[in-house]
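Reviewing the structure listed below.
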Amino acid sequence: MATFVDDLKHKGAGGAKAIVNNEATGGSSDNTFRFTDGLNPVEEITVWVADGSGNYNNRKLIKAIKVKWRSSGRESKIGNETGNFYSFTFHEGDKVESLDLWTGDRVDRIVLKVKNRSKWEHGGTDTRDGKGGTAHSQELGNGILLGFYGSVNNDELVSLGAIFKEASDD
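In our numbering, the protein residues as written are -1 to 168.
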């Protein structure tokens, strides 16, 4: 379920613009993060995938995430950059058609679909015996991805939610 809690001001525009904050799903950790660059759209997402730690060592998890924004070129990353990494680059004007974050007590997988592009899917795919988490479809607003927020421990991402521009901000 998404919440509309943030108001950001466009430079030079008189009004506030709302954004869609999807609920961060997964486990809990006191080490939280929020990756946005105002209303600048995300240009690239990179995730690192490897075996989980501790009780989660029998499955693949999202270990780290990095986000780069189009207008500023700014980057933010968090997590344990181990294992294989996978990147998705948005083209100018791309809009997200669907974004599913698979979580249980950790972030298992991310599945992204952009109009007229192939599906980008990385993380654990084994759903036997309660592994792999549950899909949490993100509310997309107008389809422009602004960033992510969630929590992390020393080993992997614990929770994750996506942030989009509101539909009225086209």
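Built from N, CA and C at the ideal position, the CB exists for glycine as well.
Please read all numbers here as calculations on a predicted model, not as lab measurements.
If we require 3 or more residues per run, which beta strand (DSSP E) segments fall completely within the stretch 69 to 154? Taking 3 residues as the minimum length, the beta strand (DSSP E) runs contained wholly in the stretch 69 to 154 are 73 to 77, 82 to 87, 94 to 101, 105 to 112, 118 to 121, 132 to 135, 143 to 150, in order along the chain.
Whole angstroms are fine: how far does the CA of L59 sit from the CA of L158? Numbered from its first residue, the sequence shown carries residue 158 at position 160. Numbered from its first residue, the sequence shown carries residue 59 at position 61. Roughly 12 Å separates the two Cα atoms.
Taking 8 Å as the threshold (C-beta atoms), are A62 and G148 in contact? As a first step, residue 148 is located in the sequence shown; it is residue number 150 there, counting from the start. As a first step, residue 62 is located in the sequence shown; it is residue number 64 there, counting from the start. Against a cut-off of 8 Å, the Cβ pair of A62 and G148 comes out as no contact.
Near H174, which residues of its chain fall below 8 Å by C-beta distance, leaving aside the five closest residues on each side in sequence? The requested residue 174 is not part of the displayed model; the chain covers only -1 to 168.
Going by beta carbon distance, what residues of the same chain come within less than 6 Å of K113, once the five residues before and after it are set aside? Working through the sequence shown from its first residue, we reach residue 113 at position 115. Contacts found: K93, E95.
Once the 5 residues before and after N140 are set aside, which same chain residues still bring their CB inside 8 Å of it? Start at 1 with the first residue of the sequence shown, and residue 140 comes out as number 142. Same-chain partners within the cutoff: K93, F162, K163, E164, A165, S166, D167, D168.
Are L97 and A160 close, meaning C-beta to C-beta below 8 Å? The residue labelled residue 97 in the question sits at position 99 within the sequence shown. The residue labelled residue 160 in the question sits at position 162 within the sequence shown. A distance below 8 Å separates the beta carbons of L97 and A160.
Can you tell me the Cβ-Cβ gap for L155 and V105, rounded? I've got them flagged as a contact below 8 Å. As a working mapping, residue 155 is identified with position 157 in the sequence shown. As a working mapping, residue 105 is identified with position 107 in the sequence shown. Contact holds; Cβ gap of about 4 Å.
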